[in-house]
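First residue of the sequence shown? That's 458 in our numbering, and the numbers climb one at a time after it.
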Amino acid sequence: MEGLPNIEPFRQRYKKIEDKLSEPDVFKDSLRASSLNREHTRIRKILEIYDDANRCLSEISSTNELLEDPELGLAAQEEIELLEKRSEKLRHSLLVAMLPVEADTGKNTIIEIRAGAGGDEASLFAADLFRMYCKYGENKSWGFECLSQSTSETGGFKEVVFIFRGEDAWTKMRFESGVHRVQRIPVTEAGGRIHTSTATVAVLPEAQEVEISIDPQDLEISVCRASGPGGQGVNTTDSAVQIMHKPSGISVYCADERSQLKNKNKAMTVLRSRLLKAKQAEEDAKYAKDRKSQVGSGDRSERIRTYNFPQSRLTDHRINYSSHALNDSMMGDLDHLIDALLANDQAVKLKDVLNNGKQ
């Protein structure tokens, strides 16, 4: 059985954070204070796991002394076997807890869903994905706000953009980027044939103004009257806003609100997040050009999942995971899938850490 890793750097960092958090000025910067609090909680968990693991090793050592006792030897051996299993689990939990945290952990998360191949059926599938994620967000008690939407004539979505606000929203949703494929009989199909359609999902961490600096001179902002179905007030005011970021060519359109200012603020939220994602992708390409996680790159061009309704089967192709709980999943019960993706990601990272440690 291997020993425990050195956590002295974490103890030192924990003390520094506690000293920082005791300074009143640190809370003047809410982002900095929030970041320190998250790190403080994470390191406290690491220290607690380490202490439990260390106590377990001490119990093994003291119980070993009883092995030669004629009356207690057998019971001691059984106790040691149980303690060693517990010790190994604690060691694994400790190594996982020590893994570097994703840079965007704790951020609010923007989800963009777009109908892909398949015409009207693709837009209906996009709406199904939207409802699935909304129900999942409700289960997690995340805040929700729709930022933009474009409906189809059949009641689906050509595109819908929304934001989840929650501490673990990014952690849970970050693997959803990619092409989602559905196989089913469309409601518009009279012959009962199974069709294949797709929708794309993009997941972006909400960018703060301090992370992305946008020169107003780089923006081309136009306003127009919102079009499409709606109640009183639609098509009567120039409330819809389109913002073009000229250097990148990224364009964002928002017409959800009657207020032009609210639409502009929503559009800027999406624009900042798209620019942050593009910046991160560029940096990742520099340092990890030839390396991809086993869970996939998360690129929207990559088919990640199939929803097969005739067989009631949900398959994630990146980790070869299949489940026949498709109906429950579409109602927002996604923990079984998200947990499998997180476990795989941790296993890959842990393998990298251990391999690097042996070199």
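Built from N, CA and C at the ideal position, the CB exists for glycine as well. Only a predicted model underlies this, so the values are computations on that prediction, with no experimental measurement involved.
Between the region 516 to 531 and the region 624 to 632, the count of Cβ pairs shorter than 8 Å is below three; the stretches do not touch.
According to DSSP, CYS591 shares a beta bridge with no other residue. By the neighbour-count criterion, in which a residue is buried when 16 or more other Cβ atoms sit within 10 angstroms of its Cβ, ASP486 is exposed. The beta carbon of LEU540 sits closer than 7 Å to the beta carbons of CYS513, GLU516, ILE517, THR520 from its chain, once the five residues preceding and following it are set aside; these are given in chain order. Taking C-alpha positions only, ARG543 is separated from LEU523 by approximately 19 Å. The beta-carbon distance between THR763 and ARG641, rounded to whole angstroms, is 11 Å. This is too long to meet the 8 Å contact definition.
In this structure, the alpha-carbon of LYS597 lies about 10 Å from that of GLY789. Sequence-distant partners of ALA724 (beyond 5 residues in either direction) whose C-beta falls short of 6 Å from its own C-beta, in its chain, are VAL698, ILE700, VAL709, CYS711. Membership of GLU668 in any alpha helix (DSSP H) is not indicated, and neither H nor E is assigned to it by DSSP. Three or more Cβ pairs drawn from the region 566 to 576 and the region 659 to 666 lie within less than 8 Å of each other, which places the two stretches in contact. A residue is called buried once 16 or more other Cβ atoms fall within 10 Å of its Cβ, and VAL618 is buried on that count. Put simply, the backbone Cα of THR498 is about 21 Å away from that of ASP796. Excluding its 5 nearest sequence neighbours in each direction, GLU496 has C-beta neighbours in its own chain below 7 Å: ILE474, listed in chain order.
Rounded to the nearest whole angstrom, the CA to CA distance from ASN801 to HIS781 is 20 Å.
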